[in-house]
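Chains as they are written, first to last, in the numbering used here: chain A, 287 to 401; chain B, 2 to 114.
The beta carbon of each residue, even a glycine, is placed where N, CA and C say it ideally should be.
Keep in mind that this is a model prediction, so the values were computed, not measured.
The structure appears right after this line, and notes come after that.
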Amino acid sequence: NAGVTQTPKFQVLKTGQSMTLQCAQDMNHEYMSWYRQDPGMGLRLIHYSVGAGITDQGEVPNGYNVSRSTTEDFPLRLLSAAPSQTSVYFCASRVRGRSFTDTQYFGPGTRLTVL
Amino acid sequence: AQKVTQAQTEISVVEKEDVTLDCVYETRDTTYYLFWYKQPPSGELVFLIRRNSFDEQNEISGRYSWNFQKSTSSFNFTITASQVVDSAVYFCALSEAEGKLIFGQGTELSVKP
């Protein structure tokens, strides 16, 4: 198993550009999520999905869209990039959709800079 | 509201010293899970431990140990005889009833030779 994979590893955007961060997992996990990591703030939940076709907002959803058409993929779309979205983005997954007991496993992260 | 506080932003120790990373949490749930993750300089997040709210036994794994105390809402992490390879940012996290992970701000540990 490759686990959780994310592409790209690094990205530089100009203000106003849009892009999609890719996340995939090959473990048949129901739950997938996106976090952003900013200095001094830990990781904050952007969006999550408890299964294919189901998505919901986390703590900081503004400026981001997600969809979950397959179990494997959970892309994160930046609609119109802003400097405040400069961050490191992590995708994570866990086995069961609606469970607070399962461990979440994280991808390697995408470092995004918005100029 | 659910909250995790890691009051120590940065800790610096010399190799072979013992070091404890503090984690205090707030939750209204009676059943919950606590986690520790390690983020080495390479940037990935590595799962270290999961503990449920009904199990207050301390856990030891090699040089790592965890002390869970419900009475003080704390889940502290101790590294014994620290090594340079332990240098990383460590995150404590709380899993609430809906399954969302709430992270603390992280503690950056620097172990100097």
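Exercise. Determine the burial state of VAL85(B): buried for a count of at least 16 other Cβ atoms within 10 Å of its Cβ, exposed for fewer.
Key: exposed
Exercise. Return the first residue and the last residue of the beta strand (DSSP E) that THR21(B) is part of.
Key: 20-22
Practice problem: Count the other CB atoms, across all protein chains shown, that sit within 10 Å of the CB of SER96(B); report buried if there are 16 or more and exposed otherwise. | Solution: buried
Quiz item: Nearest chain A C-beta to LEU46(B) closer than 8 Å, yes or no?
Solution: yes
Quiz item: Is any heavy atom in the ligand COA found nearer than 7 Å to the beta carbon of PRO325(A)?
Solution: The ligand COA is absent from the structure shown, which contains no ligand whatsoever.
Quiz item: What residues from chain B crowd round PHE376(A), counting only those whose CB sits closer than 7 Å?
Solution: LEU46
Quiz prompt | Selected residue, minimal CA-CA separation from LEU331(A), among LEU398(A), CYS377(A), SER304(A), THR356(A) | solution = LEU331(A) has its Cα closest to that of CYS377(A), out of LEU398(A), CYS377(A), SER304(A), THR356(A).
Quiz item: Within the 8 Å Cβ cut-off, does LYS113(B) reach chain A?
Solution: no
Quiz item: Do we get a CB-CB distance below 8 Å when we pair GLY395(A) with the residues of chain B?
Solution: yes
Quiz item: Under three-state DSSP, which class holds GLN3(B)?
Solution: For GLN3(B), the secondary structure class from DSSP, reduced to helix, strand or coil, is coil.
Quiz item: Can you round the beta-carbon distance between TRP67(B) and PHE55(B) to whole angstroms, since I take them to be within the 8 Å contact cut?
Solution: Not a contact, Cβ separation roughly 15 Å.
Quiz item: Exposed or buried, what is ALA8(B) when buried is set at 16 or more other beta-carbons lying within 10 Å of its beta-carbon?
Solution: exposed
Exercise. Give the DSSP-derived three-state secondary structure of ASP388(A) in the structure shown.
Key: ASP388(A) falls in the coil class under three-state DSSP.
Practice problem: Output, in chain order, the set of chain B residues within a Cβ distance shorter than 8 Å of GLY344(A). | Solution: LYS101
Quiz item: By Cβ distance, which residues of its chain are closer than 8 Å to MET318(A), with the 5 residues on each side in sequence left out?
Solution: CYS309, GLN311, TYR334, SER335, ARG354, PHE360, CYS377, ALA378, SER379
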